[in-house]
Every structure is written in structure tokens, then in C-alpha cells.
Amino acid sequence: MLSGIPGTAGYLDDIIIMCRSLAEFQDQVCAVLERVQEYDFHLTAHRCQFFLESIKYLGINFDATGRHPDTENIRDV
1 MLSGIPGTAG
11 YLDDIIIMCR
21 SLAEFQDQVC
31 AVLERVQEYD
41 FHLTAHRCQF
51 FLESIKYLGI
61 NFDATGRHPD
71 TENIRDV
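Here the UniProt record's numbering is used: the sequence shown runs in plain steps of one and ends on residue 77.
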């Protein structure tokens, strides 16, 4: 569904949008919302999060410097 939209990733029922500027973010969000509508999918507003500087997803931390293993998982090993 997200094919052709740069800086986006989807896994199961999650959509992640990564960008470096507010203008890029706005373009990507608009493109994703258009695609969601095109596929007749629905989003749950209270589950949507915007303008996060970092996220932890599937055991990996994503931030402005790239992706890094979650330190909690490394400690457990």
C-alpha cells in the first residue's frame, strides 16, 4: 500500500513516516492519507502519533541519527 511513498514503512497495522523536515513530513503525511483513502482503510485517531523525535519499534530505536538496537534488549542478552 505504501509503495512509492519515500520515507514510509508499514508492518501489520502500523505505518511509520520518517523525514528530515516539516515540509517533507507534510508531503509524506498527505501522500499516506491519500493512499489510506484510496485503499478504503481507516485510521484510529487516538492511536496516531505525530512529530516524534524518536520511536522504539520492534526492538529498534529510530531517531535523527539512524536506527539503533534497543538498549533494554541488549542488556537482556
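Heads up, the beta-carbon is just placed ideally off N, CA and C, and yes, glycines get one too.
Give the DSSP-derived three-state secondary structure of residue i in the structure shown.
i: Phe-62; result: strand
i: Arg-75; result: helix
i: Arg-67; result: strand
Apart from the five residues just before and just after residue i, which ones in its own chain have a Cβ nearer than 7 Å to its Cβ?
i: Lys-56; result: Asp-70
Ignore the nearest five residues each way along the sequence and tell me which others in residue i's own chain have a CB closer than 8 Å to its CB.
i: Ser-54; result: Asn-61, Phe-62, Asp-63, Ala-64
i: Asp-14; result: Tyr-57
Just to confirm my understanding: we take residue i, look at its own chain, exclude 5 residues before and 5 after, and list those with CB closer than 6 Å. What are they?
i: His-68; result: Asn-61
For residue i, which option in the options has the closest C-alpha, if you only look at C-alpha atoms?
i: Ile-16; options: Glu-38, Leu-52, Arg-75; result: Leu-52
i: Met-18; options: Phe-50, Asp-40, Gly-59, Leu-58; result: Phe-50
Comparing the CB of residue i with every heavy atom of the ligand FAD, is any distance shorter than 7 Å?
i: Cys-30; result: As for the ligand FAD, it is missing from this structure, which has no ligand bound.
The alpha helix (DSSP H) with residue i in it runs from where to where?
i: Ala-31; result: 22-38
What distance in whole Å lies between the Cβ atoms of residue j and residue i, which are believed to be in contact at a cut-off of 8 Å?
i: Gly-10; j: Leu-2; result: 5 Å
i: Arg-35; j: Ile-74; result: 35 Å between Cβ atoms; not a contact.
With respect to the beta strand (DSSP E) encompassing residue i, which residues constitute its N-terminal and C-terminal limits?
i: Gly-10; result: 8-11
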